[in-house]
Structures are given as C-alpha cells and as structure tokens.
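Data first, discussion second: the structure below is written as structure tokens.
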C-alpha cells in the first residue's frame with residue numbers, strides 16, 4: 001500500500017510543471033513601476049484579500065487619506081475603503097463617509113496610477129512591508145501599481 005501512495009505522489013509532482021505549477025504555491029506581489037518606462041521600482045508580497053494601504057496627504061485639502069485595496073485572484077485590485085478626517089476629501093471623491101470618517105466599498109480599480117509632485121507623505125503598506133515612495137521615485141513622476149506573480 002505504501003508503494004501505491006509513493007507512486008501517486010511522484011505522479012502528482014510530475015504533473016505540476018505540466019499544469020503550469022500550483023497557483024496555491026505561487027506568491028503574488030504588488031509591483032510598483034514607473035508608469036512611463038515600465039521600470040520596476042519595488043515589489044511587495046501580497047496575500048489575496050489582505051489589505052494593501054496607500055497612505056498620503058491630499059495635496060488640495062492637506063488632509064491625511066488612507067485608501068485600502070485588496071487583491072482578488074483572477075480579478076485584480078479592488079478599492080474597499082477610504083478613510084480621512086476631512087469631509088472635503090470625500091466630496092472630492094464623490095463619497096459619503098460614515099460618522100467615523102470611512103467609506104466602505106468594493107470597486108474594481110485594476111491597475112492603480114499614482115502621481116504626486118511630492119511623495120514625501122506617500123506610503124504603501126502590504127503585509128509586513130512598508131514602502132516609502134519618496135525613497136523610490138522623484139516628485140512629478142507617475143507610478144503604476146499592479147499585482148503579478150513575484151517571479152515575473
């Protein structure tokens with residue numbers, strides 16, 4: 001009986017490469033790249049449905065904003081929450097906050113484009129990683145956020 005189980009295990013291992021691996025074993029990364037050149041400036045490991053937080057100060061209203069995204073496998077990025085103490089920020093977004101200064105939603109955003117004259121207050125948090133954008137990009141440059149297999 002043990003030989004049969006060993007044989008089945010070996011067969012499964014042989015089939016995995018033919019089936020393009022096992023997606024459960026793959027790691028996804030939030031890839032931050034220069035929107036113009038495509039140059040990758042950072043990769044942050046992400047798990048499906050775990051928060052990815054973009055934190056910044058709104059340049060018009062000078063108010064802190066937290067945009068929470070999640071990655072849905074085979075679907076892409078969704079914005080699920082926006083937080084700010086500023087009602088003006090929500091008017092700018094066309095959203096109605098609750099009494100805690102949050103809006104819950106589930107909107108597909110696909111790739112996210114960021115552009116700021118000053119990235120000094122911009123951070124991206126994914127899992128245990130925090131990326132300070134001022135350390136990887138100059139003000140005025142455009143960034144693109146997308147989730148891809150980490151091996152790409």
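In my numbering, the protein residues as written are 1 to 152.
Every residue gets a Cβ at the ideal spot worked out from N, C-alpha and C, and that includes glycine.
With DSSP collapsed to three states, give me the class of residue i.
i           : result
residue 95  : coil
residue 21  : Low confidence applies here, because residue 21 scores a pLDDT of 43, under 50, leaving its location unreliable; read the following figure in that light. Three-state DSSP puts residue 21 in coil, outside helix and strand.
residue 149 : strand
residue 75  : coil
residue 137 : coil
Tell me the DSSP bridge mates of residue i?
i           : result
residue 44  : 30
residue 57  : 64
residue 124 : 54 and 131
residue 142 : 115
residue 83  : 66 and 102
residue 153 : No statement about residue 153 is possible, as the shown extent of the chain runs from 1 to 152 and does not include it.
In angstroms with no decimal places, state the Cα-to-Cα distance between residue i and residue j.
i           : j           : result
residue 48  : residue 139 : 30 Å
residue 60  : residue 86  : 11 Å
residue 21  : residue 29  : Low confidence applies to residue 21: its pLDDT is 43, below 50, so where it sits in the model is not reliable, and the reading given next is rough at best. For residue 21 and residue 29, the distance between alpha carbons rounds to 17 Å.
residue 89  : residue 66  : 11 Å
residue 46  : residue 58  : 25 Å
residue 137 : residue 147 : 19 Å
residue 149 : residue 74  : 11 Å
residue 129 : residue 105 : 24 Å
residue 51  : residue 44  : 12 Å
residue 39  : residue 31  : 10 Å
residue 71  : residue 64  : 23 Å
residue 56  : residue 94  : 18 Å
residue 118 : residue 135 : 11 Å
Taking 7 Å as the threshold (beta carbon to beta carbon), is residue i in contact with chain D?
i           : result
residue 137 : No chain D is present in this structure, which holds just one protein chain.
Just to confirm before moving on: does the CB-CB distance between residue i and residue j stay below 7 Å?
i           : j           : result
residue 69  : residue 77  : yes
residue 42  : residue 131 : yes
residue 145 : residue 112 : yes
residue 107 : residue 142 : no
residue 124 : residue 79  : no
residue 101 : residue 84  : yes
residue 82  : residue 103 : yes
For residue i, count the other beta carbons within 10 Å of its own beta carbon; 16 or more makes it buried, fewer makes it exposed. Which is it?
i           : result
residue 98  : exposed
residue 33  : buried
residue 152 : exposed
residue 23  : Note that residue 23 scores a pLDDT of 45, beneath 50, so its modelled location is shaky and nothing firm can be said.
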